[in-house]
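Student:
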Amino acid sequence: MHNSSISTAQEKFLKTKKRERCNVVLGRIVVIVLFLILWEYSAKKEWIDPFFFSSPSRIIHLFIKMIQSGELFPHIGVTLLETILSFILCTVFSLLIALFLLYFPKVETILEPYLVILNALPKSALAPLIIVWLGTGIKTIIIAGMSVAIFGSIIHLYNGFQQVDPEKIKLIQTLGGGKRDILHHILIPSTIPLILSNMKVNIGLSLVGVIIGEFLAARIGLGYLILYGSQVFQLDVLILSIFLLCLMAGILYFIVNLMVKLLSPQ
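Taking this note's numbering as reference, the numbering of the sequence shown is continuous, increasing by one, and the terminal residue is 304.
1) Exposed or buried, which one is LYS161 when buried takes at least 16 other CB atoms within 10 Å?
2) Using the Cα positions of SER124 and GLN200, report the straight-line distance between them to the nearest angstrom.
3) I'd like the list of long-range same chain contacts for ILE181, defined as Cβ closer than 6 Å, with 5 residues on each side in sequence excluded.
4) Compare the Cα-Cα distances from PRO151 to each of ILE193, PRO166 and GLY173 and report the closest residue.
5) If I follow the unbroken alpha helix (DSSP H) through GLN200, where does it start and stop?
6) State buried or exposed for ASN236, treating a residue as buried only when at least 16 other CB atoms are found within 10 Å of its CB.
7) Assign THR54 to one of two classes, buried (16 or more other C-beta atoms within 10 Å of its C-beta) or exposed (fewer than that).
8) Which residue comes first and which comes last in the alpha helix (DSSP H) that contains VAL270?
9) Specify the secondary structure class of ALA47 as computed by DSSP and reduced to three states.
10) Look up TRP77 in the DSSP assignment and say whether it is helix, strand or coil.
11) With 16 other CB atoms within 10 Å as the buried threshold, where does ASN61 fall?
12) On a CA-only basis, which of GLY190, VAL202, LYS56 and SER185 is nearest THR121? Give me that one, please.
13) What residue range is occupied by the uninterrupted alpha helix (DSSP H) comprising ILE250?
14) Taking Cβ to Cβ, would you say LEU133 is nearer than 8 Å to LEU195?
15) Beta-carbon separation of LEU254 and GLY267 under 8 Å?
16) Would you tell me roughly how many angstroms separate the C-alpha atoms of ILE264 and ALA47, rounded to the nearest one?
17) Determine contact between the segment 101-116 and the segment 221-228, defined as no fewer than three beta-carbon pairs at a distance below 8 Å.
18) Pull up the distance between the alpha-carbon of PRO143 and that of ILE126, whole angstroms please.
19) Please report how far the alpha carbon of SER107 lies from the alpha carbon of ILE97, in whole angstroms.
20) So, for THR129: in the same chain, excluding its five sequence neighbours on each side, which residues have a beta-carbon less than 7 Å away from its beta-carbon?
21) Hey, GLY288 and GLY247: beta-carbon distance below 8 Å or not?
22) Given ILE105, which residues of its chain have a CB within under 6 Å of its CB, disregarding the five upstream and five downstream residues?
23) Does the separation of the CB atoms of TYR291 and GLY242 fall below 8 Å?
24) Keeping to the same chain, check which residues put their C-beta closer than 6 Å to that of ALA81; ignore five residues upstream and five downstream.
25) Which residue from ASN295, LEU76 and LEU118 puts its Cα closest to that of GLU252?
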């Protein structure tokens, strides 16, 4: 009887939580639908100038037109490729550098103020310098994408590594283990949640950096489309590109978040 009542209570709790999640999703859909309806209605009634603010119907029409002509796919593909490569390289290098600083604390003491300064520096200020050094092209944009995320990622990972229980490290050392054993058996397993949460942040920052790079050094990509649309006053192109960026950011975050859930220790 007691177990039956517990089971019923758990079932009721799970149903309540599921209903709450459904209500949240429904609420989000209602908000965006109402926004789009109001936007379209305002443009048709000329409460807002359709030339400057466009409208959902005009953006959908342009999207279909660019899909049919095939001119949109290269821009989406290039930005997506640059973002993914930037994200992967940023994640790998920030992890390696953080581990290097952990094993060589004197180097970390010397470099710490520079990492803090570089992390606080607006990355749009670094992008023109990167272009002067490396020229234009996909390599430059990938590095620009990395520059936005990597310094903060290094600091975040290094601070996380320092929080690992020192008693566990002493135990490994007492048993005769070396740095490699500490890394494999203590550091990495203990900081997997930190590394994975850091990845969720890096994917968005990499996309921001890629767009900054495309503003300055690209002839293809969604960042280039945004800049081109603003320069020639084709604001439909500009707004469509922004919507596609939002969609891309959401999909990339969803994929990384799903990967994090699958890899997270249970």
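Glycine included, C-beta positions come from ideal geometry on N, C-alpha and C. Predicted model only: the values in this text are computed from it and were never measured.
Tutor: This is what the structure holds:
1) Stepping through the sequence shown from its first residue, residue 161 is reached at position 123. Under this definition LYS161 is a buried residue.
2) As a first step, residue 124 must be located in the sequence shown, where it is residue number 86. As a first step, residue 200 must be located in the sequence shown, where it is residue number 162. Spanning the two alpha carbons is a distance of roughly 26 Å.
3) As a working note, residue 181 is residue 143 in the sequence shown. Around ILE181: ILE168.
4) Your numbering for residue 151 matches position 113 in the sequence shown. Among ILE193, PRO166 and GLY173, the Cα nearest to that of PRO151 belongs to ILE193.
5) Translated into the one-based positions of the sequence shown, residue 200 becomes position 162. Start and end: 176-200.
6) Against the sequence shown, residue 236 aligns to sequence position 198. ASN236 is buried by the Cβ-count criterion.
7) Here the question's residue 54 lines up with position 16 in the sequence shown. By the beta-carbon neighbour count (other beta carbons within 10 angstroms, threshold 16), THR54 is exposed.
8) The sequence position of residue 270 within the sequence shown is 232, counting from 1. That residue, VAL270, is in no alpha helix (DSSP H); it is neither H nor E in DSSP.
9) The residue labelled residue 47 in the question sits at position 9 within the sequence shown. Three-state DSSP puts ALA47 in a helix.
10) In the sequence shown, residue 77 corresponds to position 39, counting from 1. Looking at TRP77 - three-state DSSP - the assignment turns out to be helix.
11) Start at 1 with the first residue of the sequence shown, and residue 61 comes out as number 23. Burial call: exposed.
12) Along the sequence shown, one-based indexing puts residue 121 at 83. Taking only the C-alpha atoms, the option nearest THR121 is SER185.
13) Within the sequence shown, the letter at position 212 stands for residue 250. Secondary structure note for ILE250: its alpha helix (DSSP H) is the uninterrupted segment 226-255.
14) Within the sequence shown, the letter at position 95 stands for residue 133. Within the sequence shown, the letter at position 157 stands for residue 195. A contact, by the Cβ cut-off of 8 Å.
15) Here residue 254 refers to the residue found at position 216 of the sequence shown. Here residue 267 refers to the residue found at position 229 of the sequence shown. No, the Cβ-Cβ distance between LEU254 and GLY267 is not below 8 Å.
16) Counted from its first residue, the sequence shown places residue 264 at position 226. Counted from its first residue, the sequence shown places residue 47 at position 9. Note on geometry: alpha-carbon atoms of ILE264 and ALA47 lie some 53 Å from one another.
17) no
18) Here residue 143 refers to the residue found at position 105 of the sequence shown. Here residue 126 refers to the residue found at position 88 of the sequence shown. In a straight line, the C-alpha of PRO143 is about 26 Å away from that of ILE126.
19) Within the sequence shown, residue 107 is the residue found at index 69, counting from 1. Within the sequence shown, residue 97 is the residue found at index 59, counting from 1. Roughly 15 Å separates the two Cα atoms.
20) The residue given as residue 129 occupies position 91 in the sequence shown. So the qualifying residues of the chain are MET237 and ASN240.
21) Translated into the one-based positions of the sequence shown, residue 288 becomes position 250. Translated into the one-based positions of the sequence shown, residue 247 becomes position 209. No, the pair does not count as a contact, with Cβ atoms beyond the cut-off.
22) On the sequence shown, residue 105 is found 67 positions in, with the first residue counted as 1. Hits under 6 Å: none found.
23) Counting from 1 along the sequence shown, the entry for residue 291 is found at position 253. Counting from 1 along the sequence shown, the entry for residue 242 is found at position 204. Yes; because the gap between Cβ atoms is below 8 Å, this pair is in contact.
24) Within the sequence shown, residue 81 is the residue found at index 43, counting from 1. Contacts found: PRO88 and SER93.
25) Counting from one through the sequence shown, the residue named residue 252 turns up at place 214. The shortest C-alpha separation from GLU252 is found at LEU118.
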